[in-house]
Amino acid sequence: MTHIKDNVFAGMSDSGKFTRKKKLFFILLSTILLVGAIIGVVAGVASRKRSNDTPSHAILKSSCSNTRYPELCYSAIASVPGAAAKISTQKDVIEASLNLIIISVKRNYFTVKKILKTRKSLTKREKTALHDCLEMDDETLDELRKTKNELEEYPKKKSLNQYAEDLKILVSGAMTNQDTCIDGFSHDKADKEVRKLLLKGEMHVFHMLSNALAMICNLTNTDMLNQHPISGRNLVEENVNKIDSDGFPKWLSAGDRRLLQAPNVQPNVVVAADGSGNYRTVAAAVAAAPEGSSSRYIIRIKAGTYRENVEVPRKKSNIMFMGDGRRNTIITASRNVVDGSTTFNSYTVAVVGERFLARDITFQNTAGPSKGQAVALRVGADLSAFYQCDMLAYQDTLYVHSLRQFYVKCLVAGTVDFIFGNAAVVFQDCDLHARRPNRGQANMFTAQGRDDPNQNTGIVIQKCRIGATSDLLPVIGSIRSYLGRPWRRYSRTVVMQNTISNVIDPLGWNPWTGEFLNTLYYAEYQNTGAGAGTGNRVNWRGFRVLTNAADVQPFTVGRYLLRLQGMYVKEATNIVSQYVNKSHDTRLSYAINGCLDLLDYTTTELIWTQSAVEKPIGNASVLFSIDKFGCLSIKSALNAGGNTGTGVLGFDLKTWLSAALGNQDTCMDGFLGTSGSVQNSIAGSLKNVTTQVKNVLGMVRPVRPRHAYNERKLGSTDFPPWMSANDRRLLEAPTTGLSADVVVATDGSGNFTSISDAISTAPDNSTHRFVIYIKKGVYRENVEVKKKKKNLMIVGDVGIGFIARDIAFENTAGPEKHQAVAYRSDSDLSVLYRCGFYGYQDTLYAHSLRQFYRECVITGTVDFIFGNSVVVFQGCRILAKKGLSSQQNIVTAHGRIDPDQNTGFSLQFCNISADSDLLPFVNSTPTYLGRPWKQYSRTVFMQSYMTSAIKPKGWLEWDGDFALSTLYYGEFLNFGPGAALRGRVNWTGYHAKMTPTQAATFTVAQFIDGNLWLPKTGVKYTAGLV
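Residues in the sequence shown are numbered consecutively from 1, following full-length UniProt numbering.
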């Protein structure tokens, strides 16, 4: 919200300094408001009584837990007397939230009215911006009323998919309105003062709308999941915005298609500048048109140049403009920002009335390149279409503001951000041409403004011609032009099957601010022409080059995964294999061999994923689709079980793909301290693997099915839900009388004298538990349990389902030898019970996949619990040791590298203290709970005892401000002298006082297993917390 579109010259002109200061001010202001809101919410929640733990409040909490601002969602409704008591379904929560939003929008409306009435020193632009806000509030109220009406009849009158699309686009449009209001105050110094008066109210509405949108997505996705029959087929979601075989959106009726293309159409009225029609101006004809018309009202605009500003307001629905040809009928004006307008109000023609059509007309703004933002056509009309029209201007030519739009056989020409906005819009068979800008400017074809990941908005450019106008051609080599830049955080644009001329810079895309590059979605597919080459395109995380029709059309995910496994992983393996036994550098050799193992792990995890998708087991229904922006959705993901995974397909996929992604990162970590061409060559080969796995991981959206799941509270003998009763008995049964498959003993009294030999003879891919009993003794060896050694159990006097109990794992290298791992686990669904892990730096490497540690002892110094698994430590003793004199102790270093990974560390009911060798030096050796190894590190400590060994600061930076805003660190109901929160860090990503709802997501039932539940079950969110 603090990132303002109207600052289009940032980085392009001398106004950059002012822009940066302005952005800093707004960021600080937003932070202050946000902190205030959080303090208020926390205080409010803390004051509630336990009487709130009713079925209604449980449903409210459950619904709000799926939102981006759960505390606001919950507190807003719970604070209204009697509101929560009326809730019995998730739909009730959404409706209650919408009612509160309507009240807040009305409050904002009257705030604006009051400012207009009482503030005497307003500039012309400020007055215009305030009137823009009034219009946006009015539009928002209309969209909220439509949303309420849709919900009231849901799901009776149309398909669930149509309800989903309609509800999401309406709320997305309402959210865009809040952004637009604030955008109007981004030009002059005086504007900021008025902006401050509005910002808090607009942000509140935006956040509430975001929550409503998230709940709508969850509701409709779940209902669509339940509606489809269980078949195991690859079903494809119907999409109301999909372009059909005739090249039109499905929502465009057959009658409207004929009107757009027919040579002769009978109009209702005629506009003619020479007086030969019913009206001389287009505005007069629009004013006379009926309001709320359910039938098409056609206004023919005869050849001529109409110098006027025209608005088709919200009440004027089903209007059609029909010109006498784009070169003959021209509507033109010259309003612009430099002369005092806002971007929103600088339009020549603005269309808001739904189901608007236009054909054979030119919309033009002649302000010129020196007048800044000057819009030729602004469209906020839902289900609108334009055929054979021209939109001509310079900066901000076509403002595709919001809702659903379609453009075919049109010409759009401009310079900076000349197609921008937050609509769900498709351009087909159009000509998009960059013009010659002012000196120092670069051309940007698009600037898409999606501001929330749940908004179903974006720009798609398909089968168009991307080029330059005649004035740009002579200087095309000296002016950079780009396909687009991200206006807002979740900007989404797809350029597919187009002809792209050499006007486009080889980089293809241009940044707005660096932080948006990870969250945007930009893609190119099958474009041709001199500017279509992708070899030198940007390397942003959010940009991708799609190379197969399966990437942009509905497809079978299993085939994609097979291609990923067979092509990219195999290619990387071949490259790495070339360097085996070629280096005399011991560390380099270890790194190369480690990479081969990790690529083998990746192959295995992709095979699991592919097998689960293609061959669902038991009571399963798998429904995938690629939406119009190339994103994969899992619409159904239930699996009754099997030998691999938990039986909850969507969450199994997240875990396996998270591990596959982490493997590439671990491979490159092995080359730290080495140099040369080997590292660079291997890094290049892994890039494709990383990119493709990220693509799949980011697309997997498991939907929680609506079924009952009775979550149990954890007692002294509870284990993860995926652990069988037999395995629990094996863990807790006495060693005497235990039936082992083989015995290891150093004195030769068993089957083997080494653990490694026993493991090597264990069966591969076993479907039953294979028990290795290790007699008392010290075994000086390095032991590895490979992935194919499934269902292995080691019992003392480490494959899927690995279990160990009553064993000590130790690395005696000492603190001077730095990283020295005692135990490393890549075993999915593994359990370690009453085991000890003894070392110094990097003692326990919980590398990947799902793991559970119970009543274990873990000792160490630096980062002595680290990795990128999804793991719960329960009832464990975590002991910091005395290390080197210059070292600080850090308990955890979690390595999540991607926000879509479902990984993290959860330590619950543990004791975090100093080992005996550290006690005499505890005051001089700082000990911290953790530090961020990777960008999205995630660790929580819950209901654990912390001694004074833990410093008041609690957590430690890795390197400056690295990851401090993207990590997730939290604490919940810890106790002891080291658990005080007063002196803790104040990082953006640190959550000092997690709520019970937040903490519940890190319990055994939910964090490891992806526990599923429904609001109607009445299950409390605090289950799993004592």
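Note that beta-carbon positions come from the ideal geometry of N, C-alpha and C, so glycine has one too.
Boundaries of the beta strand (DSSP E) harbouring R850: R850 to R854, taken from the DSSP string. Under the three-state reduction of DSSP, F386 is assigned to strand. Straight-line spacing of the CA atoms in L252 and L151 works out to 23 Å. DSSP, reduced to helix, strand and coil, places G323 within a strand of the structure shown.
By a beta-carbon distance limit of 8 Å, A350 contacts E311. Their separation comes to about 5 Å. Nearest neighbour of V862 by Cα position, chosen from D324, Y928 and F972, turns out to be Y928. Every unbroken stretch of the beta strand (DSSP E) spanning 3 or more residues and falling wholly within the stretch 328–413 is given here in chain order: 329–333, 349–351, 357–359, 362–365, 377–379, 384–387, 390–392, 398–400 and 404–408. In terms of CA proximity to L432, C464 leads the group W512, S402, A442 and C464. Remark: C-beta atoms of K315 and G292 approach each other more closely than 8 Å. For the pair T54 and G82, the Cα-to-Cα distance works out to about 13 Å. Runs of the alpha helix (DSSP H) spanning 4 or more residues and lying entirely within the stretch 100–156 occur at 124–153, in chain order. In the three-state DSSP reduction, M203 falls in the helix class (H, G or I).
Excluding residues up to 5 positions away in sequence, R485 and L517 lie with their Cβ nearer than 7 Å to the Cβ of P511 in the same chain.
The alpha carbon of Q448 has as its nearest neighbour, out of W487, A468 and C595, the alpha carbon of W487. Distance from the CA of R195 to the CA of T690, rounded to the nearest whole angstrom, comes to 43 Å.
Between the stretch 154–166 and the stretch 105–122 there are fewer than three C-beta pairs closer than 8 Å, too few to call the two in contact. Short of 7 Å from the beta carbon of N581, and not among the five residues preceding or following it, lies no beta carbon of its own chain. Where S159 is concerned, there is no enclosing alpha helix (DSSP H), because DSSP gives it neither an H nor an E. Going by DSSP, G255 is part of the alpha helix (DSSP H) stretching over A254 to Q261. Spatial neighbours of A273 in its own chain (CB-CB distance under 7 Å, excluding positions within 5 residues in sequence) are listed in chain order as R280, G304 and Y306.
Taking the Cα positions, Q935 is about 21 Å away from Q888. Note on H57: 16 or more other CB atoms within 10 angstroms of its CB, so buried under the neighbour-count rule. Close CB contacts of I950 within its chain, under the 8 Å cut and outside five residues either way in sequence, are with I912, T927, Y928, L929, G978 and A979 (chain order). By DSSP's assignment, T305 forms a beta bridge with I330.
Apart from the 5 residues on each side of it in sequence, I897 sits with its Cβ closer than 8 Å to the Cβ of L661, G662, D665, N868, K934, Q935 and Y936 in its chain, given in chain order.
Below 8 Å, enough C-beta pairs join the stretch 410–429 and the stretch 455–464 to call them touching: three or more. A distance of 8 Å or more separates the beta carbons of V282 and I330. Residue range R465 to A468 is occupied by the beta strand (DSSP E) that includes A468.
Between A413 and L392, the CB-CB gap stays under 8 Å. It is roughly 21 Å from the alpha-carbon of G201 to the alpha-carbon of C64. According to the DSSP assignment, A284 belongs to the alpha helix (DSSP H) that extends over V282 to A288.
The C-beta of S825 has 16 or more other C-beta atoms within 10 Å across all chains shown, which makes the residue buried.
I301 is the residue among I301, F941, E957 and V1004 whose C-alpha sits nearest the C-alpha of G323. Between the stretch 362–381 and the stretch 395–404 there are three or more C-beta pairs closer than 8 Å, enough to call the two in contact. Between V205 and the set V265, Y109 and K117, the nearest pair of CA atoms involves Y109. Under the 10 Å beta carbon count, S685 is surrounded by 16 or more other beta carbons and is classified as buried.
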